[in-house]
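Here is the structure we will look at.
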Amino acid sequence: MVIEIPNEVMKQLQMTPQELRLELAVYLYSQHKLSIGQAKALAGLDLISFQKELSARGVYIHFNEGDLEEDLKNLDIEDGK
1 MVIEIPNEVM KQLQMTPQEL RLELAVYLYS QHKLSIGQAK ALAGLDLISF
51 QKELSARGVY IHFNEGDLEE DLKNLDIEDG K
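Right, here's the structure in full:
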């Protein structure tokens, strides 16, 4: 899908298209509309860079009990258990 934003709006925002994508990605992630993987892809960043952006903006990484269980399961597999 392509969203067209008038040049006048972009000039008023004083942002590059990349900066606007990042702002949108951070906002949608903070509103729990996108996962971190989806948001980093929208922003065009790798995971660590996107996490640094979230941190710089005071946005907490969403981590719940299901995420913890998945991480623990992955640790068991990596440890050969």
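FYI, the numbering for the sequence shown is 1 to 81, going by this note's numbering.
By construction, the Cβ of each residue, glycine as well, lies at the ideal position given by its N, Cα and C atoms.
Relative to the C-alpha of residue i, which candidate in the options has its C-alpha closest?
i	options	result
Phe50	Ile36, Gln18, Leu13	Ile36
Val2	Leu42, Val59, Gly58, Gly66	Leu42
Leu45	Gln18, Asp76, Asn7	Gln18
Arg57	Ser30, Gln38, Gly66, Glu70	Ser30
Should residue i and residue j be called a contact, given that it needs their Cβ atoms to be closer than 8 angstroms?
i	j	result
Glu53	Leu22	yes
Leu13	Leu20	yes
Val59	Val9	no
Looking only at its chain, what residues have a beta carbon closer than 6 angstroms to the beta carbon of residue i, apart from the 5 residues adjacent to it on each side?
i	result
Leu34	Leu28
Leu47	Lys40
Assign residue i to buried or exposed, taking buried as 16 or more other Cβ atoms, counted over all protein chains shown, within 10 Å of its Cβ.
i	result
Lys40	buried
Take residue i and list the residues in its own chain whose beta-carbon comes closer than 8 angstroms to its own, dropping the five residues that flank it on each side.
i	result
His32	His62
Consider the Cβ of residue i: report whether some Cβ of chain C lies at a distance smaller than 8 angstroms.
i	result
Lys11	In the structure shown, chain C does not exist; there is a single protein chain.
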